[in-house]
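Residue 187 in the numbering used here is what sits at position 196 of the sequence shown, and the numbering runs on without skipping anything. Cβ atoms here follow ideal geometry from the backbone N, Cα and C, with glycine treated the same way.
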Amino acid sequence: MEAQQPAFGHESLAFTKLSHSQWTDYFLSLPINDSELDVITREMDILKPEVRELLSSQGDDETLKEKVLLIQLLLSLGLAFHFENEIRDILKHVFQRIDDITGDEKDLSTISIMFRVLRTYGHYMSSNVFKRFTKDDGKFEESLMADTKGILGLYEAAHLGTKTDDMFDEALRWDMPASISRLIRNTLYLPQRWNMEAVVAREYILFYEKEEDHDKMILKLAKLSFKLLQMHYIKELKTFIKWWMESDVTSKMPAQFREQIVEAWLAGLMMYFEPQYSTGRVIAAKFNYLLTILDDACDDYFSIHEITRLVDCVESSK
-8 MEAQQPAFGH ESLAFTKLSH SQWTDYFLSL PINDSELDVI TREMDILKPE VRELLSSQGD
52 DETLKEKVLL IQLLLSLGLA FHFENEIRDI LKHVFQRIDD ITGDEKDLST ISIMFRVLRT
112 YGHYMSSNVF KRFTKDDGKF EESLMADTKG ILGLYEAAHL GTKTDDMFDE ALRWDMPASI
172 SRLIRNTLYL PQRWNMEAVV AREYILFYEK EEDHDKMILK LAKLSFKLLQ MHYIKELKTF
232 IKWWMESDVT SKMPAQFREQ IVEAWLAGLM MYFEPQYSTG RVIAAKFNYL LTILDDACDD
292 YFSIHEITRL VDCVESSK
């Protein structure tokens, strides 16, 4: 006979009433000018062909290498999604000639960028390419410590490694002065691979603008694209918030349940940042919001026994 579960005294719990989220009111109040969206789009349409020309021009191995560096710049600035077809065509040719292109390359930053770009787009570039920067004992050359961009690039590349890439185990535990190690780890606390593309783009635009050799045309396109994304996100978020308000969920839920509407949408942005994935973001936002309600219900109302039965029910439906 199943043991009787102890009664769960809901009435004995002291719930805290949560205040109304200010984020929903804030984003609803932001004005969006559709004519400004049209102006930005037209300006971008003028600049895009210039970037396509840079990507499509034919050349030797050195030219292909420069194109890969350009692709990494576009990725960092949040522009790559505008040129997906051109990028995939270039990387297909680069991967076919990877040994010739990287054969005599001695710059750690360049090798790291090529590794990151190719693996980002699904091409398996071997991590053995980094052995040229190591000594006989497998440790990296001490002289590389003076190469700031190279070291940072290596750490970024290490986050695209697999379990078989033992080379990166050494890179991540590199024996170097504590001050340098701390600087690198703080800088790469959240590497690009793990960060939100929109956040990476915002930060990199600020960095790239301060680079003396920056391309003014690409920088302008990056700023326009980011502005367009911002306006698109606001319109999308306003639509999602209006859906939530029309659903009148708040009046149907206990006061201690969280109003994490903007946060739920933000979780969708973490998965898809490109404007063409708007529907996917909204679906993910609704799902995340429902999970928040379920989580609050479990925290405030369910007994351990009830939660266990719920988990068993969900798992059995897989």
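If you draw a straight line from the C-alpha of residue i to the C-alpha of residue j, how long is it?
i	j	result
A189	L55	27 Å
A239	L46	A small fix is needed here, since residue 239 is Asp in this sequence, not Ala. Straight-line Cα distance between these residues: approximately 50 Å.
L21	K58	39 Å
W234	L219	23 Å
D206	E41	12 Å
M244	V302	22 Å
F72	Y199	19 Å
E306	V108	38 Å
R300	D291	16 Å
I298	I284	14 Å
E202	D287	47 Å
T32	M208	15 Å
H84	G50	11 Å
L174	R110	Any reading at L174 must be qualified, since the residue scores a pLDDT of 49, below 50, and its modelled position is unreliable; the value itself is stated next. Approximately 26 Å between the Cα atoms of the pair.
M158	L135	16 Å
V120	S269	39 Å
T241	K277	15 Å
Report the option in the options whose CA atom is closest to the CA atom of residue i.
i	options	result
N186	E41, E227 and Y263	Y263
A148	S47, S12, K140 and S103	S103
G141	M116, S100, S134 and E265	S100
G259	F231, L285 and D36	F231
K154	K126, S118 and R184	S118
How would you call residue i, buried or exposed, if buried means at least 16 neighbouring beta carbons within 10 angstroms?
i	result
S216	buried
L61	buried
Y115	exposed
M236	exposed
F124	buried
L66	buried
Given a cut-off of 7 Å on the beta-carbon distance, is the pair residue i and residue j in contact?
i	j	result
L38	L212	yes
A246	Y280	no
R184	H150	yes
Starting from residue i, trace the alpha helix (DSSP H) in both directions and tell me its first and last residue.
i	result
W234	K207 to S238
Q87	E75 to Q87
K201	E188 to K201
M35	D25 to S47
Q63	D52 to S67
E254	I252 to M262
M116	Run containing M116: none; DSSP gives neither H nor E here.
K277	S269 to D291
May I ask you to check if the CB of residue i is nearer than 6 Å to at least one heavy atom of the ligand GTP?
i	result
L60	For the ligand GTP, the structure offers nothing, since it holds no ligand at all.
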